[in-house]
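Trainee:
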Amino acid sequence: MTSVQHISDDELAEIYTFAVQLGKDAGAILMNFARARWSDQGDGEQVITEKDSSVDIVTKADEDVEAFIKSAIEKKYPTHKFLGEESYSKGASRDYLIGAEPTWCVDPLDGTVNYTHLFPMFCVSIGFIVGGQAVIGVIYAPFTAQLFSSCRGRGAWLNETQRLPLIQNQPLPPNAPQGCVLSVEWGKDRKDKADGNLHRKVDSFLTMAAEPAGRCGRGGMVHGVRSLGSATLDLAYVAMGAFDIWWEGGCWEWDVAAGIAIVQEAGGLVTTANPPEDTHDAPIEDVRLGSRLYLAIRPAGPSPATGESARQSQERVVREVWRRVRHLDYSRPGA
Ligand code: IPD
Ligand code: CA
């Protein structure tokens, strides 16, 4: 009778409709803020407040859009829990707070640095989580007018009409990571420590990009490396099939909740960024939302070249990535 713990199919469908409209309305507010900077009414000035560092920032747009989303949800679903980036950042705790109860996990503005530079890769990200699983995702990037959405059992969509991925059943390259577009983020941890996360990330980017003979024979020779500055949009483009692989450590549940829902509903695989000791045989665990460590592989079809099922080929790509990347350290309580 229920497809998702405590929520009937009909209720989930209603929540989905509400979430899509909320994403559109919130995105429109974001775009108004952006447009005001080059319109006659605006003076091009904006106030940027630093949180943890000069690359971890917040603007009035982040604050106002979060307040708008929070109040709309509280009005419509007063029993649901709400977790938003800006309210969370103001608290002292960095614990993972999502439990089994229905929870909205929201980033009002993902890609704030992009937004302040008017680089179009910014969006609102709304995830709805039940039983710890992201079951609805809505991402709206107003500058590019791209709305990504999904609801468990109802497919993943671009602008509500185009099913994701754009090309259905496209096999993954037989010699992946060659032939793959890899998406990564530099992130906000900029500590210049020889064995810190920043150095480990760059080391991993190098191995994934280098020629096959390079890096002691581990060079991944990926087709391209992209860094959009929005973890949410990285995942949206994985669901679309435009990115084959997304590897990232350091972002938070509001950056990924909606994107994970959409990638999974489109048929993609999401697991941990950190390679296990035995990259060859270790089980491929489901992603943990609060882990801050993410590896996503795009939706795929069976692979005629290798005889693999879609899932087998995705798992092969996971292991090929794990062979080439470093372990990252983003440990945190409760995740
Ligand atoms: C950030 C972006 C960025 C990622 C950071 C996130 P914000 O979110 O998604 O791509 O590397 O880890 O915190 O601050 O723009 O909402
Ligand atoms: Ca944000």
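Anchor point for the sequence shown: position 245 equals 245 in UniProt numbering, and the numbering is continuous, going up by one each time.
Where a beta carbon is used, it is the ideal one built from N, C-alpha and C, also for glycine.
Any residue with its Cβ nearer than 6 angstroms to a heavy atom of ligand 2 should be included. What is that list in chain order?
Mentor: Selection output, chain order preserved: Asp62, Glu85, Asp107, Leu109, Asp110, Thr112.
Trainee: Going along the chain, which unbroken runs of the beta strand (DSSP E) with 3 or more residues stay wholly within the segment 61-108?
Mentor: The segment 61-108 contains these whole beta strand (DSSP E) runs: 81-84.
Trainee: So the alpha helix (DSSP H) serine 313 belongs to, where does it begin and stop?
Mentor: Looking at the DSSP string, the run of the alpha helix (DSSP H) that includes serine 313 is 310-322.
Trainee: So tyrosine 294 is in the alpha helix (DSSP H); what residue range does that whole segment cover?
Mentor: First-last for tyrosine 294: 293-297, but that is the beta strand (DSSP E), not the alpha helix (DSSP H).
Trainee: I need the straight-line Cα distance from leucine 97 to glutamate 285, nearest angstrom please.
Mentor: Taking the straight line from one Cα to the other gives about 21 angstroms.
Trainee: Could you tell me the boundaries of the alpha helix (DSSP H) in which leucine 233 lies?
Mentor: Segment 231-240, the alpha helix (DSSP H) holding leucine 233.
Trainee: Do you know offhand how far arginine 152's Cα is from isoleucine 7's?
Mentor: Answer to the nearest angstrom: the Cα atoms are 12 angstroms apart.
Trainee: Can you name the start and end residues of the beta strand (DSSP E) that phenylalanine 128 belongs to?
Mentor: From DSSP, the beta strand (DSSP E) with phenylalanine 128 extends over 123-130.
Trainee: To the nearest angstrom, how far is it from the Cα of valine 20 to the Cα of threonine 103?
Mentor: Answer to the nearest angstrom: the Cα atoms are 16 angstroms apart.
Trainee: For a minimum of 4 consecutive residues, which ranges assigned as the alpha helix (DSSP H) are wholly contained in the segment 118-188?
Mentor: You should have found no qualifying run.
Trainee: Just to check my reading of the structure: arginine 94 and arginine 332 have Cβ atoms closer than 8 angstroms, yes? What is that Cβ distance to the nearest angstrom?
Mentor: Confirmed, about 6 angstroms.
Trainee: Going by C-alpha distance, which of Arg288, Glu14, Met31, Ala266 is nearest proline 142?
Mentor: It is Met31.
Trainee: How many Å lie between leucine 228 and aspartate 234 at the Cα?
Mentor: Roughly 7 angstroms between the two C-alpha positions.
Trainee: Could you give the residue range of the beta strand (DSSP E) that holds leucine 269?
Mentor: Start and end: 269-271.
Trainee: Can you have a look at cysteine 216 and say buried or exposed, based on whether 16 or more other CB atoms are within 10 angstroms of its CB?
Mentor: Result: exposed.
Trainee: Quick one: any contact between the segment 184-204 and the segment 261-269, if contact means 3 or more CB pairs under 8 angstroms?
Mentor: No, because fewer than three Cβ pairs between the segment 184-204 and the segment 261-269 fall closer than 8 angstroms, the two stretches do not touch.
Trainee: Does ligand 1 have even one heavy atom less than 7 angstroms from the beta-carbon of glutamate 185?
Mentor: Answer for glutamate 185: yes, Cβ within range of ligand 1.
Trainee: What's the call for glutamate 277, buried or exposed, on a 16-neighbour Cβ count within 10 Å?
Mentor: When all chains shown are included, glutamate 277 counts as exposed.
Trainee: Using the Cα positions of threonine 232 and alanine 258, report the straight-line distance between them to the nearest angstrom.
Mentor: Near 7 angstroms, if we compare the C-alpha coordinates of alanine 258 and threonine 232.
Trainee: Starting from the C-beta of serine 149, find all residues in its chain whose C-beta is less than 6 angstroms away, skip the five residues before and the five after it, and write them out in chain order.
Mentor: Closer than 6 angstroms at the Cβ level, and outside the excluded window around serine 149, lie Val20, Val138, Trp157.
Trainee: Using the Cβ count rule (16 or more neighbours within 10 Å means buried), how would you classify residue 364?
Mentor: The first residue shown for the chain is 1 and the last is 335, placing residue 364 beyond what the model contains.
Trainee: For the structure I just gave you, are there three or more beta carbon pairs, one from the segment 312-319 and one from the segment 247-263, closer than 8 angstroms?
Mentor: Result no; under three Cβ-Cβ pairs closer than 8 angstroms.
Trainee: Below 7 angstroms, is the gap between the Cβ of lysine 193 and the nearest heavy atom of ligand 4?
Mentor: With respect to small molecules bound, the structure shown includes ligand 1 and ligand 2 and not ligand 4.
Trainee: Please report how far the alpha carbon of glycine 301 lies from the alpha carbon of serine 309, in whole angstroms.
Mentor: Glycine 301 and serine 309: Cα-Cα distance of roughly 7 angstroms.
Trainee: Tell me the residue span of the beta strand (DSSP E) that contains lysine 51.
Mentor: Start and end: 49-53.
Trainee: Verify the contact flag: alanine 26, CB atom, against every heavy atom of ligand 1, threshold strictly below 7 angstroms.
Mentor: False, no ligand heavy atom lies under 7 angstroms from that Cβ.
Trainee: How far does the beta strand (DSSP E) with valine 58 in it extend, from its first residue to its last?
Mentor: That run of the beta strand (DSSP E) goes 56-58.
Trainee: Hey, out of Ile69, Ile129, Glu50, Val222, whose CA is closest to leucine 206's CA?
Mentor: The candidate whose alpha carbon is nearest that of leucine 206 is Val222.
Trainee: When DSSP labels each residue in this structure, what does serine 204 get in the three-state scheme?
Mentor: Reduced to three states, the DSSP call for serine 204 is helix.
Trainee: Between asparagine 114 and serine 291, is the Cβ-Cβ spacing less than 8 angstroms?
Mentor: Not closer than 8 angstroms, so no.
Trainee: Grab me the residues of serine 3's own chain with a C-beta within less than 8 angstroms of its C-beta, minus the 5 sequence neighbours each way, in chain order.
Mentor: In this prediction, serine 3 scores a pLDDT of 47, lower than 50, which makes its location untrustworthy; the coordinate-derived value is nonetheless stated afterwards. The answer, listed in chain order, is Asp9, Leu12, Arg152, Gly153.
Trainee: What three-state label does DSSP hand aspartate 9 in the structure shown?
Mentor: Helix at aspartate 9.
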